[in-house]
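In the working numbering, the protein residues as written are 143 to 426. Every residue, glycine too, gets a C-beta built ideally from N, C-alpha and C. What you are looking at is a predicted structure, and each value in this text was computed from that prediction instead of being measured. Just below is one structure, and these are the notes that go with it.
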Amino acid sequence: GTLGRQIVKTALDEGYQVRCLVRNLRRSSFLKDWGAELVYGDLSLPETIPASFKGVNIVIDAATVRPTDNFTAEKIDWKGKIAIVEAAKLAKVRKFISFSSIDAPQNPDIPLLDLKLKLAEALENSGLNYTLFECAGFFQGLISQYAIPTLEKQTIWLLGNMQSTAYVDTQDAARIVVSSLKIQDKSKIFPIVGNKSWTPEEIVQICERLSGNKANRSYLPLFLLAILRRILRSIEFTWNIADRLQFAEIKPPNRIVVTTDSNLLTLEQYFQEYFSKILKKLKE
């Protein structure tokens with residue numbers, strides 16, 4: 143995924159030897175071009191995983207199910223993850239790194255976040271030297287959600303009560319993760335968050351200002367979203383989509399977490415760069 147490839151690139155730039163466990167060797171060939179070693183492995187087939195861990199010292203698990211995947215979150219984000227943890231134990235790796243959501247502790251009723259909590263508990267009981275990074279959200283996902291619809295004057299669906307989120311750039315997240323490999327710290331859980339928290343309405347306003355377009359907003363009542371989610375949940379091949387829709391019902395964390403790291407790219411800077419490139423191409 144987006145975070146995983148940034149971790150690979152950053153680790154290679156820092157001089158690490160990187161082996162990537164991938165399901166599709168052809169689609170992942172760009173990682174080999176960067177200098178990584180590719181090995182086949184499929185989290186839906188646990189028996190494909192152990193052999194790839196031979197000679198590995200550090201495992202960074204950045205995999206997760208996509209809404210459009212044919213596999214359920216239970217199969218990938220629980221059974222597949224447990225297979226990785228067990229393979230890491232057999233390989234006696236020095237460090238295991240995985241990712242969760244900063245919202246997970248307050249939202250065990252959301253299936254995907256409940257799986258994140260279960261994985262955290264499994265890591266605590268595994269005996270592995272592990273680090274769990276709790277992420278808020280990433281800039282990259284906001285392009286298709288807000289920037290492109292603003293440019294193309296498509297409808298942006300908003301909920302009136304959605305919480306603010308301290309988004310961060312995946313390149314900065316990758317830098318934080320790779321930097322942690324050199325740190326000997328007893329702490330097990332670290333947040334990866336941006337330096338400011340943003341609501342969806344504020345993000346749309348940034349897109350309007352930088353693009354020069356007026357966004358086409360449409361507000362969706364939460365009860366209609368809940369009905370749609372229940373319908374999708376009744377059909378097995380749309381379970382992943384239904385689980386993602388439930389994120390609209392997320393409860394905010396008990397604390398608002400932002401960082402004071404001045405080296406992080408800000409959301410305004412990220413969008414400024416994106417819109418500058420797009421508007422320049424449109425003029426050409």
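Since I believe residue j is in contact with residue i (beta carbons under 8 Å), could you give me their beta-carbon distance rounded to a whole number of angstroms?
i	j	result
T341	S306	5 Å
A308	K338	7 Å
T292	S353	5 Å
I218	L167	The pair is not a contact, with the Cβ atoms about 19 Å apart (cut-off 8 Å).
Y416	I285	7 Å
L232	W299	That pair is no contact at about 46 Å.
A316	L154	About 11 Å separates the two Cβ atoms, so there is no contact after all.
Would you report the Cα separation of residue i and residue j, rounded to the nearest angstrom?
i	j	result
N358	K221	41 Å
E156	V346	36 Å
L259	I325	25 Å
D190	D245	Here the sequence assigns Thr to residue 190, which means Asp is not the residue at that position. For T190 and D245, the distance between alpha carbons rounds to 32 Å.
Y188	L424	According to the sequence shown, residue 188 is Pro rather than Tyr. The straight-line gap from Cα to Cα measures roughly 47 Å.
S240	C162	15 Å
D251	F213	20 Å
P333	I420	32 Å
V181	K356	47 Å
P253	K422	42 Å
G143	Q313	13 Å
I348	S418	13 Å
G177	E344	40 Å
R208	D175	25 Å
F275	L173	23 Å
I318	V160	17 Å
R147	R169	12 Å
S404	Q287	26 Å
P247	M304	18 Å
D385	E263	Here the model assigns D385 a pLDDT of 49, short of 50, so the residue's position is not dependable, and the following value carries that caveat. Near 21 Å, if we compare the C-alpha coordinates of E263 and D385.
S458	N249	With the chain running from 143 to 426 in the structure shown, residue 458 is simply not present.
K151	L406	18 Å
P192	S171	22 Å
G183	E294	39 Å
Let me check one thing: in DSSP terms, what residues is residue i bridge-paired to?
i	result
I239	I202 and T273
W340	T307
E179	R161
W358	According to the sequence displayed, residue 358 carries Asn and not Trp. According to DSSP, N358 bridges with T297.
L187	D184
P333	E276
Let me make sure I understand the geometry here. Which of the options has the alpha-carbon closest to that of residue i?
i	options	result
F195	T312, A229 and L167	A229
G268	V235, K295, Q248 and F280	According to the sequence shown, residue 268 is Ser rather than Gly. The shortest Cα separation from S268 among V235, K295, Q248 and F280 belongs to V235.
Q226	L265, R317 and L406	The sequence shown places Ile at residue 226, rather than the Gln named in the question. Per the Cα distances, L265.
Y158	L145, L167 and E179	E179
A278	L300, K295, A262 and L255	L255
N199	W176, E344 and K237	K237
N271	L323, Q414, P247 and E294	L323
I149	Y182, D403, D203 and V181	D203
L261	T152, A215 and R147	A215
Q414	V319, V207 and F281	F281
V310	K174, G283 and V201	G283
S360	G336, L301 and Q411	L301
V164	F275, T152 and A205	A205
I224	G197, L257, A193 and Q248	L257
R351	Q411, M304, D403 and V319	Q411
V320	V201, S171 and P192	V201
V335	M304, L409 and E294	L409
Does the distance between the C-beta of residue i and the nearest non-hydrogen atom of the ligand COA fall short of 8 Å?
i	result
Q159	Ligands displayed in this structure: none; no statement on the ligand COA is therefore possible.
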